[in-house]
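Below: the structure, in structure tokens.
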Amino acid sequence: MRILIIGGTGNISRWFTQLFAERGDEIVLYNRGNKQLSLKGNIQYIYGDRTKYDLFAIQINRAGHFDCVIDMVGFQEEEAVQAVKLFAGRTDQYIFCSTVDVYSKRPAFYPIHTQHAMGASKSFVYGHRKMLMEEVFWKAHNELNFPLTVLRLAATYSEGWSPLVTCFGGASYHLDRIKKGLPIILHGDGNGIWAATHSSDAAKVFINAAGNISCIGQVYNVSGDELLTWETMHLIVAELLKAPTPHFVYIPTTQLASLAPEQSEWCVENFQYNNIFDNSPAKKDLGFEYTISYYEGARRCIRYLIENEGIEDCGNYPFYEGVLNKWNYAMKYLH
Numbered sequence: 001m002r003i004l005i006i007g008g009t010g011n012i013s014r015w016f017t018q019l020f021a022e023r024g025d026e027i028v029l030y031n032r033g034n035k036q037l038s039l040k041g042n043i044q045y046i047y048g049d050r051t052k053y054d055l056f057a058i059q060i061n062r063a064g065h066f067d068c069v070i071d072m073v074g075f076q077e078e079e080a081v082q083a084v085k086l087f088a089g090r091t092d093q094y095i096f097c098s099t100v101d102v103y104s105k106r107p108a109f110y111p112i113h114t115q116h117a118m119g120a121s122k123s124f125v126y127g128h129r130k131m132l133m134e135e136v137f138w139k140a141h142n143e144l145n146f147p148l149t150v151l152r153l154a155a156t157y158s159e160g161w162s163p164l165v166t167c168f169g170g171a172s173y174h175l176d177r178i179k180k181g182l183p184i185i186l187h188g189d190g191n192g193i194w195a196a197t198h199s200s201d202a203a204k205v206f207i208n209a210a211g212n213i214s215c216i217g218q219v220y221n222v223s224g225d226e227l228l229t230w231e232t233m234h235l236i237v238a239e240l241l242k243a244p245t246p247h248f249v250y251i252p253t254t255q256l257a258s259l260a261p262e263q264s265e266w267c268v269e270n271f272q273y274n275n276i277f278d279n280s281p282a283k284k285d286l287g288f289e290y291t292i293s294y295y296e297g298a299r300r301c302i303r304y305l306i307e308n309e310g311i312e313d314c315g316n317y318p319f320y321e322g323v324l325n326k327w328n329y330a331m332k333y334l335h
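In structure tokens, the structure reads:
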């Protein structure tokens, strides 16, 4: 197949780009050229910015027809509008990498399956913008027969990234805090449910979806099978770092929003809610398999970060101690 990947070098796409190439497909990567990877195979590069639509259109028109287009980086509603105009009739399939964050964070029941209506809050910019893009694509599919497949991914991680998402995001300085035995903040009581997938497992879904005509007009959830609490994930990481058992400080999300509004934005909009999704259609139609446990995936990531000196110094994030100090001061007056 001749496949255009918009993006192609990120946390997920770097895995399936190489897999496509190894399979013998002709791959064209369209991106800004900011990240260079050592990829082998029949891979061509077009450098540009899709948000500069006139130039983007010229470049794609020159590139010709594609059997499949995979959009990994779309984030604006207008990008979806332009993609429909540009790729209608120019590809046999358009795979849009969306997110489970398009769903409402207060579902009627769990697990969340693809029949749940989209309902991302406007305050959650990431989920809401992806939802708006989906709405454009689905309208084009229903009215214009645009050959759409949507993959809604949950949290993914791989070597080069921290395997641990925390109430303040996914930066690796959290690993440094754990390693040094410093207090660790958990939102709520630490028992919320999270599901993460190693990117190499998620990548295989794209491989099996591309060129699969039965997937056109379908949407799939892709998330980890293990349902882990935030506390459990921190304990696993502490074990892998050979660190002492963390001293957890439990702070309600509403208080974190007050103490560190910028840093806790994703916690307020996303992490405080359970992430439990039904993956059965992806397993049935796309052969999705969860083969790398969180323990094994985290082990690989930590080893990579240690070997490449990729763990950030927590001392460069003084706001963290500031949050702890304010919380501890407030707690003195509750006893």
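In this note's numbering, the protein residues as written are 1 to 335. Using N, Cα and C, we set each Cβ at its ideal position, and we do this for glycine too.
- DSSP, reduced to helix, strand and coil, places A120 outside both helices and strands of the structure shown, so it counts as coil.
- With 16 or more other CB atoms across the displayed protein chains lying within 10 angstroms of its CB, K130 is buried.
- Setting aside the 5 residues that flank it on each side, P281 is surrounded in the same chain by T114 and Y220, each with a C-beta closer than 7 Å to its C-beta; the list follows chain order.
- Taking C-beta separations shorter than 8 Å and ignoring five residues to either side along the sequence, the partners of S214 in its chain run D285, following chain order.
- Distance between E226 and Y304, taken at the CA atoms: about 23 Å.
- Secondary structure remark: continuous alpha helix (DSSP H) runs of at least 4 residues inside the stretch 174-209, in chain order: 199-209.
- Buried is the label assigned to A80, since at least 16 other Cβ atoms lie within 10 Å of its Cβ.
- The three-state secondary structure of R152, taken from DSSP, is strand.
- Counting only the Cα atoms, L334 lies some 47 Å from G74.
- For N31, there is no enclosing alpha helix (DSSP H); the enclosing beta strand (DSSP E) has its first and last residue at E26 to N31.
- With fewer than 16 other beta carbons inside 10 angstroms of its own, H247 counts as exposed.
- L153 places its beta carbon less than 9 Å from that of V222.
- Judged by DSSP secondary structure, N42 falls outside any alpha helix (DSSP H); it is assigned neither H nor E.
- Taken through DSSP and simplified to helix, strand or coil, V73 comes out as coil.
- Judged by DSSP secondary structure, T99 falls within the beta strand (DSSP E) whose first and last residues are Y94 to T99.
- If you check the CB distance, T156 and H198 come in under 9 Å.
- Using a Cβ-Cβ distance cut-off of 8 Å, the stretch 106-126 and the stretch 78-92 are not in contact, since fewer than three pairs of beta carbons, one from each stretch, lie closer than that value.
- Boundaries of the alpha helix (DSSP H) harbouring N325: F319 to K332, taken from the DSSP string.
- Distance from the CA of I302 to the CA of N274, rounded to the nearest whole angstrom, comes to 25 Å.
- Excluding the 5 residues flanking it on each side, A330 has no same chain C-beta neighbour closer than 7 Å.
- Going by DSSP, V219 is part of no alpha helix (DSSP H) but of the beta strand (DSSP E) stretching over Q218 to V222.
- If you draw a straight line from the Cα of R2 to the Cα of P244, it is about 51 Å long.
- Contact annotation: D92 and D67 have beta-carbon atoms nearer than 9 Å.
- DSSP places F288 in no beta strand (DSSP E); its state is neither H nor E.
- Taking 8 Å as the upper bound for CB-CB distance, F319 and Q263 are in contact here, some 6 Å apart.
- Look at G315 here: in three-state DSSP terms it is helix.
- DSSP places Y103 in the strand class (E or B) of the three-state scheme.
- If you look at Y250, you'll find it in the beta strand (DSSP E) that goes F248 to I251.
- For R14, the number of other beta carbons within 10 angstroms of its own is at least 16, and it is reported as buried.
- For I3, the pairing in a beta bridge is given by DSSP as I27 and C68.
- Here K179 has L241 and A243 as same chain residues with Cβ atoms under 7 Å from its own Cβ, once five neighbours each way along the sequence are excluded.
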